[in-house]
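Novice: Right, I'll just put the structure down here and ask away after.
Residue numbers (the working numbering): 90 to 358.
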């Protein structure tokens with residue numbers, strides 16, 4: 090498994106992206122801290138020279154493991170269940186553009202979570218899942234075309250309105266007849282929504298595309314009470330050989346959080 094750390098040049102100071110600032114400098118910084126990859130969080134696909142980023146990462150033997158898309162929703166208001174059809178098409182194009190960037194960067198996945206949008210009426214949960222499913226169809230077609238995964242995250246109820254648990258999110262992911270649609274798990278969300286961490290990971294075995302590590306208090310691994318030793322044992326047992334993405338609060342400072350998180354996870358790898 091490969092350790093990757095979140096980076097961004099556009100998020101706010103309290104975002105869970107650990108390293109913030111110029112993208113190339115963040116890649117260099119991550120390399121010096123021991124990481125093998127970076128996960129870029131962006132507002133849209135038009136703001137950077139991705140060929141240059143790819144060239145720089147390759148020179149350092151670093152991988153761009155994922156593209157975080159939450160800022161496209163949080164900052165720019167794009168989401169796939171928007172009842173305004175024009176706005177929905179704009180959101181779809183944003184995601185397709187992200188997939189094209191992922192293709193340029195190599196074996197990079199596009200992370201999908203907040204862009205599913207709000208749930209105006211909790212009684213219409215299944216209706217909005219159906220709208221989301223239909224809205225994602227051209228995105229999955231683009232994922233097939235570019236050869237890069239769209240991985241759908243199970244996010245806890247305090248940050249998202251639906252697709253909370255591993256069970257609910259996996260059921261949704263399994264509706265897609267494409268291996269390019271995968272599930273993304275995060276230990277912080279598992280700790281809130283899933284009663285049995287081991288079961289949550291095991292049921293996702295065949296569709297698990299990405300994995301975030303963050304402790305129970307949203308700080309770096311080792312700061313809270315989440316059982317990472319058991320978690321990583323289960324990941325090995327199901328044959329997961331992908332990314333362990335570090336996404337958490339940069340407390341007390343980015344370097345300390347990044348180093349402590351990396352070293353804590355490394356002991357189990």
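In this text, a Cβ means the ideal position worked out from N, Cα and C, and glycines have one as well.
1) By the three-class DSSP mapping on this structure, what secondary structure does residue 182 have?
2) Looking only at C-alpha atoms, which of 141, 185 and 92 sits nearest to residue 124?
3) Report the rounded CA-to-CA distance for residue 272 versus residue 121, giving the unit in angstroms.
4) Where DSSP assigns a beta bridge to residue 333, which residues make up the other side?
5) May I have a chain-ordered list of the beta strand (DSSP E) segments no shorter than 3 residues that lie completely inside the region 123-158?
6) Evaluate the contact criterion for the region 178-189 versus the region 124-136: three or more CB pairs, one atom per stretch, below 8 Å.
7) Which residues in the same chain have their Cβ closer than 7 Å to the Cβ of residue 200, if we skip the five residues on either side of it in sequence?
8) Tell me where the beta strand (DSSP E) around residue 240 begins and ends.
9) Could you give the first and the last residue of the continuous beta strand (DSSP E) run that contains residue 198?
10) Whether or not the region 212-226 and the region 307-320 are in contact is what I'm after, with contact meaning three or more pairs of Cβ atoms, one per stretch, closer than 8 Å; do they touch?
11) Please report the residue range of the alpha helix (DSSP H) in which residue 232 lies.
12) Looking at the structure shown, is residue 164 part of a helix, part of a strand, or coil, going by DSSP?
13) In chain order, what residues of the same chain have a beta carbon less than 6 Å from the beta carbon of residue 190, not counting five sequence neighbours either side?
14) In whole angstroms, give me the CA-to-CA distance for residue 71 and residue 150.
Specialist: Here's the rundown:
1) Position 93 of the chain shown, counting from 1, holds the residue named residue 182. Residue state, collapsed to three classes: helix.
2) Residue mapping note: residue 124 aligns to position 35 of the chain shown, counting from 1. When only C-alpha atoms are compared, the closest one is 92.
3) As a first step, residue 272 is located in the chain shown; it is residue number 183 there, counting from the start. As a first step, residue 121 is located in the chain shown; it is residue number 32 there, counting from the start. Whole-angstrom Cα-Cα distance: 30 Å.
4) For the purposes of this step, residue 333 is taken as the residue at position 244 of the chain shown. Residue pairing of residue 333 in beta bridges, as defined by DSSP: 92 and 300.
5) 126-130 and 152-157
6) When Cβ pairs closer than 8 Å are counted between the two stretches, the region 178-189 is seen to touch the region 124-136, the count reaching three or more.
7) Translated into the one-based positions of the chain shown, residue 200 becomes position 111. For residue 200, where only same-chain residues beyond five positions count, the Cβ hits under 7 Å are 155, 156, 157, 158, 240, 242, 273 and 299.
8) As a working note, residue 240 is residue 151 in the chain shown. Residue 240 -> beta strand (DSSP E) spans 239-242.
9) What you label residue 198 is simply residue 109 of the chain shown in a count that begins at 1. It spans 198-201 - the beta strand (DSSP E) in which residue 198 sits, taken as one unbroken run.
10) no
11) Start at 1 with the first residue of the chain shown, and residue 232 comes out as number 143. Here the alpha helix (DSSP H) through residue 232 covers 214-235.
12) The sequence position of residue 164 within the chain shown is 75, counting from 1. Residue 164 falls in the coil class under three-state DSSP.
13) Within the chain shown, numbered from 1, the residue matching residue 190 stands at position 101. Once the five neighbours on either side are set aside, the close Cβ partners of residue 190 are 134 and 139.
14) Since the first and last residues shown for the chain are 90 and 358, residue 71 lies out of range.
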